[in-house]
Amino acid sequence: MSGVWKFARHLTLVLACGCTGVITGPLEETGSEPQVAPDGSLPYVAPPPASGVLQARTWKLTHEQYRRSLEQVLGVPVSLTDADGLPRLQPEIDSGVFRNMALASFVSVPLAEDYYRVAEELTDALDDDALRALIPCGEIRASCRDEFLRRAIRTAFRRPATDEDLTRFAALFDLAQGAAEVLGDPAAGFRAALQGILTSPYLLYRTEIGDDPAQRDFELTDYEVASFLSYSLLGEPPDAKLLAAADRGELTSASALPGLVQALLAEPAAALQLREFLLEWLEVIHFLDPEIVRKDLASFDGIRPAMWAETLDFLDRHADMTGDLTSLLTTPAPLPSGPLGEFYLSGPTSDSADRTRTGVLALGTLLATNAKEGATSPTLRGVFLRERFLCQDFVELPNVPDINDTAEREQPRTTRELYEFHASIPSCAACHDLIDGTGMTFESLDEVGRFRGAENGVPVDTSGKLLQTDVDTELRDHTQLAEALAQSEWVRECLSRQAFRFYFGLATSGERTVDGTLERENRGMPPIQAGRAALGRGGSFGELVAALVTSPSTLQRTRFEPPSAFGAADSP
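If you count the sequence shown from 1, position 422 lands on 422 in the numbering used here, and the numbers rise without skipping.
#1: Among the residues of its own chain, which have a CB less than 7 Å from the CB of residue 142, if the five just before and after it don't count?
#2: Take residue 195 as the anchor and find which of 497, 114, 221 and 184 has the nearest alpha-carbon.
#3: Determine, using beta-carbon pairs with one atom in the region 492-499 and one in the region 457-466, whether at least three such pairs fall under 8 Å.
#4: Is the number of C-beta pairs between the region 340-360 and the region 442-458 that are closer than 8 Å three or more?
#5: Put residue 445 into one of helix, strand or coil per three-state DSSP.
#6: Could you say which of 552, 392 and 559 lies nearest to residue 51 if we only look at CA atoms?
#7: Among all the DSSP beta bridges, which residues are the ones paired with residue 464?
#8: Hey, quick one: how far does the alpha helix (DSSP H) through residue 129 stretch, first residue to last?
#9: Would you mind stating whether residue 307 and residue 340 have Cβ atoms separated by less than 8 Å?
#10: Here's a check: name, in chain order, each residue in its chain whose Cβ is nearer than 6 Å to the Cβ of residue 490, leaving out the five neighbours to either side.
#11: Please classify residue 177: does DSSP put it in a helix, a strand, or coil?
#12: Once the 5 residues before and after residue 249 are set aside, which same chain residues still bring their CB inside 7 Å of it?
#13: Would you kindly report the start and end of the unbroken beta strand (DSSP E) that includes residue 60?
#14: With C-beta atoms as the reference, is residue 297 less than 8 Å away from residue 460?
#15: Between the C-alpha atoms of residue 226 and residue 373, what's the straight-line distance to the nearest angstrom?
#16: Would you list, in sequence order, the uninterrupted alpha helix (DSSP H) runs of no fewer than 4 residues that lie entirely inside the region 316-377?
#17: For a quick check, are the C-beta atoms of residue 116 and residue 199 less than 8 Å apart?
#18: Look up residue 502 in the DSSP assignment and say whether it is helix, strand or coil.
#19: Check each candidate in 103, 125, 104 and 97 and name the one with the smallest Cα separation from residue 77.
#20: What residue from 557, 386 and 439 has the CA that sits closest to residue 375's CA?
#21: Can you give the Cα-Cα distance for residue 557 and residue 325, rounded to whole angstroms?
#22: Just confirm the distance between the C-beta atoms of residue 388 and residue 283, as a whole number of angstroms; I'd bet it's less than 8 Å.
#23: Under a Cβ-count criterion, where at least 16 other Cβ atoms within 10 Å of its own Cβ denotes burial, should residue 411 be classed as buried or exposed?
#24: Can you give me the C-alpha to C-alpha distance between residue 137 and residue 147, rounded to a whole angstrom?
#25: In the DSSP assignment, find the beta strand (DSSP E) that holds residue 487 and state where it starts and stops.
#26: Comparing C-alpha positions only, which one of 213, 217, 238 and 215 sits nearest to residue 224?
#27: Report the residue from 481, 555 and 543 whose alpha carbon sits nearest the alpha carbon of residue 265.
#28: From residue 515 to residue 103, what distance separates their C-alpha atoms?
#29: Write down the C-beta distance between residue 90 and residue 79 rounded to the nearest angstrom, noting that I regard them as a contact closer than 8 Å.
#30: For residue 301, which residues from the same chain have a beta carbon less than 8 Å from its beta carbon, with the 5 sequence-adjacent residues on both sides left out?
#31: Is residue 454 helix, strand or coil by DSSP?
#32: Under the three-state reduction of DSSP, which class applies to residue 555: helix, strand or coil?
#33: Give the DSSP-derived three-state secondary structure of residue 280 in the structure shown.
#34: What would DSSP say about residue 560, mapped onto helix, strand or coil?
#35: Bridge partners of residue 54, per DSSP?
#36: Whole angstroms are fine: how far does the CA of residue 494 sit from the CA of residue 434?
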């Protein structure tokens, strides 16, 4: 395999042996040339400061945020799967970054139809008791209309109802209520108004547009801050307490923001949201789906839930609000008891294997996700590390040599031999040297995470090397790799960037060039560098999130005046 590998640092190097690599380093913004160390490593240099002001935007709710919002409006449990276990909504758009990217998600016509159908089904299913609980006067009477609408709109739109809102939904209420006798439903007006509210863009989208469209640079309203903090930190709409604070104008004070963020991070929902970030960052969020993570081993699907539970337990123990990057990467992963432990020992050469598993990278979920159906893949595992832990993005050229052709021609006995044969092709050498050197360190763990001591009679070799980072080193095994990554300033900055992408829903800074195309992500943004600094002090994941969200980027926005060609979508 060869290709053009685009690494997101701002230094450009041309790699030898025909594989063109772009490895970005820290200094392009200043116009000066970065200095590569004699050993080939890229010492970390902090970027120059950059603006942290984001663009005004709307931001569609994820399916889970939408579900929780419906529950808050209706006061009843809501499921987005039907009685047959099928999804009630169109699949979410895969941005290739995180599921909540603001500029990568929109309401398509089929999704709009799904939203309408869900709203109709849910409101029709409300019995009289459930409806009365939503009406301030407690009675299903037309005279209670205005109080009902004010409460429902405030909860659904996360702000007080405007006169325009009340006029629009009162008309809908009256139209349906006028036909209540014909419809045989005395609550027809209430149901119709709820259906309209539940399908309104003001429920489906969060706004960050301020209250004065004439202002180019502005601060979010208190209600927009309430939605930003609650959805970003908790994954759910703001509750009555947070909206009451918005009523009092308490959420737009920069001095009050740290205390507010700390209070929200102490809530159980914040821990679940952090776990969601970690699962998406580690690219195992779809592990339970056999159509996405496929294996040809008959016993794998039966053990899949236990492997998933092991991952959740490891994250809860070592990557909660008090956990940190070092713990995540370097804490030994013990052999589980029960069927999962037996599975990990069920490989044909497990008896002779080194049974060391270090950190999250050695868990079965990650190993199985980054492997082929019947074989390990040092390349897949190496690419995963480069992209998710070093923020180095890879693009492959077309018409590259097929590794299967290499296998047929050379008849290698081991995975290492296969990839070494393939890397000997001049057009593939440099990239595979860069990538496979990290992936090879996991060869003592097979394609489903089982221990193995030999492959086709040849003892496994877990040696490798880490290149073109600030912690370049020869590696004995994946334990040494994990220890090196835990010391890397590049990894700390990358983790901060990944967290920024998730909690702010942006793959870039939002800045655009004059022709309307997206500019590259600006590493010098205050939230990213504040997060990196927190991690550099040995800070926890909770401190990382707090550093990101207490930056000025939470409160400040600017309006971009696009040229006529504007419309480019966000990209990783």
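Cβ atoms here follow ideal geometry from the backbone N, Cα and C, with glycine treated the same way.
Given the structure is predicted, the values throughout are model-derived calculations rather than measurements.
In this structure, then:
#1: So the list reads 177 and 189, once near-sequence residues are dropped.
#2: Of 497, 114, 221 and 184, the residue nearest in Cα terms is 114.
#3: no
#4: yes
#5: strand
#6: 552
#7: 475
#8: 128-134
#9: It is a contact, given that the beta carbons lie within the stated cut-off.
#10: 44, 390, 469 and 470
#11: helix
#12: 222
#13: From DSSP, the beta strand (DSSP E) with residue 60 extends over 57-60.
#14: no
#15: The alpha-carbon separation between residue 226 and residue 373 amounts to approximately 45 Å.
#16: 325-330, 338-344 and 364-369
#17: yes
#18: Residue 502 falls in the helix class under three-state DSSP.
#19: Closest option to residue 77, Cα to Cα, is 125.
#20: When only C-alpha atoms are compared, the closest one is 439.
#21: 31 Å
#22: 7 Å
#23: exposed
#24: 8 Å
#25: Element bounds for residue 487: n/a, residue is neither H nor E.
#26: 238
#27: Nearest C-alpha to residue 265: 543.
#28: Low local confidence applies: a pLDDT of 35 at residue 515 is under 50, so the model's placement there is unreliable, with the coordinate-based value given in what follows. Linking residue 515 to residue 103 through their CA atoms gives a straight-line distance of about 18 Å.
#29: At roughly 16 Å, the Cβ-Cβ gap does not stay under 8 Å, so residue 90 and residue 79 are not in contact.
#30: 290 and 295
#31: strand
#32: coil
#33: helix
#34: Of the three classes helix, strand and coil, the one that applies to residue 560 here is coil, per DSSP.
#35: 557
#36: 18 Å
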